[in-house]
Amino acid sequence: MTGGAGFIGSHLVERLLSSGHNVDVLDSFQTGSRDYLSGGIRLLIEQDVSEPFGGRYSGIFHLACPASPVHYQATPLETFRTAVWGTSQVLENARRTGARVVIASTSEVYGNPLVHPQTEEYFGNVNPIGLRSCYDEGKRGGETLAMDYARVHGVDSRIVRIFNTYGPRMLFNDGRVVSNFCHQALLGKPLTVYGDGSQTRSFCFVSDMVEGLVRAMDVPVFESPVNLGNPEEYTVLELARMILELLEVDLEIRFLPLPSDDPARRKPDISKARNLLAWEPRIPVREGILKTIQEFRTRLARHGA
Ligand code: UDP
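Here the working numbering is used: the first residue of the sequence shown is 12, the next is one more, and so on.
What follows is the structure, encoded as structure tokens:
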């Protein structure tokens, strides 16, 4: 697994180990954390995924890439290289060895969508030259490579488009909305809502995402791409109020400027995942947020802010 020390990756590693698989992890630790790297893995390959790597695997999950806007925009050149060249290295390995590959793409390929909810047929509305482009266009390039390796070399590449995912182990400084709000609320700080908070997102709990990824690898026949996410849609302001209510605190909601190219609406159509993978999210958002808050609280008590 590339990115096996990351947020989703570390949960997925644990799941694979518990079902008896041998797992090697490739991670550069740019945004991954050694704290969550499972001791049960067979081999740690500490390197950038943009560099060639060896090994023979029956399956490769390719998750390596900074995914939070704050992180991927901090190093845009590296982000683009990771998304395109990193994916190219993974596909090269698969071409040589016959490995099946699940490629983590993103809802960002839809940009600021003009179709709602987003189906896989929608080509998206992406700014090619903006601050988010390193990630959006990089991931779109990764999808192109995945399809062309399938057409040219017969690689069994499987593209999943991951929508906003949250849960225990998110970095406190991840910069994303769920981690920011939970962290701020637990510290008694104002919740930072960007813009007027009317933009929407759909939040998928990490164990549901892991289940979707495992199924994407396991089904005999796949048809790229497939959306994975929770179709329940919330405004950012609704999310802020929900977290204050769950924590039973009354904190200021502070409105800050909206980042550029911030998508106004986002909600996956998951009919394809339902049909192909017999998958849909099971954890309601309130329950998932409570689990996240509990883990954040424990971590804060142990390590501080
Ligand atoms: N957001 C916010 N306050 C924060 C962090 C994010 O209002 O402290 C907003 C952000 O502008 C976006 C939404 O929450 O509209 C989701 O942002 P996130 O960074 O989690 O992921 P994105 O879906 O934009 O990749």
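Just so it is clear, CB atoms sit at the ideal spot from N, CA and C, and this is done for glycine as well. Keep in mind the model is a prediction, meaning the values are calculated, not measured.
Look at Ala115 here: in three-state DSSP terms it is strand. As the crow flies, the alpha-carbon of Ala275 is around 19 Å from that of Leu239.
If you ignore the 5 residues before and after Phe183, its C-beta comes within less than 6 Å of the C-beta of His194, all in its own chain and listed in chain order. A straight line joining the alpha-carbon of Thr42 with that of Ala16 spans about 8 Å. Collapsing the DSSP output to three states places Ser235 in coil.
Between Val36 and Ile56, the CB-CB gap stays under 8 Å. Per DSSP, reduced to three states, the secondary structure at Cys145 is helical. Listed in chain order, the beta strand (DSSP E) runs fully inside the stretch 136-196 are 168-173, counting runs of at least 3 residues. Ligand 1 never approaches Gln84 closely enough for any of its heavy atoms to be under 7 Å from the residue's Cβ. Distance from Ala75 to Val60 at the Cβ level is roughly 4 Å; contact confirmed, criterion being Cβ atoms closer than 8 Å. Under the three-state reduction of DSSP, Gly50 is assigned to coil, being neither helix nor strand.
Listed in chain order, the alpha helix (DSSP H) runs fully inside the stretch 236-282 are 247-258, counting runs of at least 4 residues. For Ile294, there is no enclosing alpha helix (DSSP H), as DSSP marks it with neither H nor E. Around the beta carbon of Ala157, 16 or more other beta carbons sit within 10 angstroms, so the residue counts as buried. For Tyr121, the secondary structure class from DSSP, reduced to helix, strand or coil, is helix. When beta bridges are read from the DSSP output, Gly70 appears opposite Arg111. Cβ-Cβ separation between Val247 and Gly208: approximately 4 Å, consistent with a contact (criterion under 8 Å). A contact between stretches requires three or more CB pairs, one per stretch, nearer than 8 Å, and the stretch 290-303 fails this requirement with the stretch 108-118. According to the DSSP secondary-structure assignment, Leu55 is paired through a beta bridge with Val36. Excluding residues up to 5 positions away in sequence, His22, Leu23 and Arg26 lie with their Cβ nearer than 6 Å to the Cβ of Val221 in the same chain. Shown here, Thr303 sits in a helix according to DSSP, grouped into three states. Distance from the CA atom of Lys278 to the CA atom of Leu48, rounded to whole angstroms, is 31 Å. By the Cβ test, the stretch 115-131 is not in contact with the stretch 158-168, since fewer than three Cβ pairs between them sit closer than 8 Å. Secondary-structure assignment with DSSP links Phe216 through a beta bridge to Tyr177.
Here the C-alpha atom of Asn104 lies approximately 43 Å from the C-alpha atom of Ala312.
Secondary structure at Tyr205: strand, using DSSP grouped into helix, strand and coil. Taking the CA atoms as reference points, His73 sits about 19 Å from Pro87. Looking from the CA of Ser218, the closest CA among Met253, Ile19, His127 and Gly149 belongs to Ile19. In chain order, Arg67 place their CB closer than 6 Å to the CB of Thr108, counting only its own chain and leaving out the 5 sequence neighbours on each side. Contact check for Gly149 against Thr90 passes: the beta carbons are separated by less than 8 Å.
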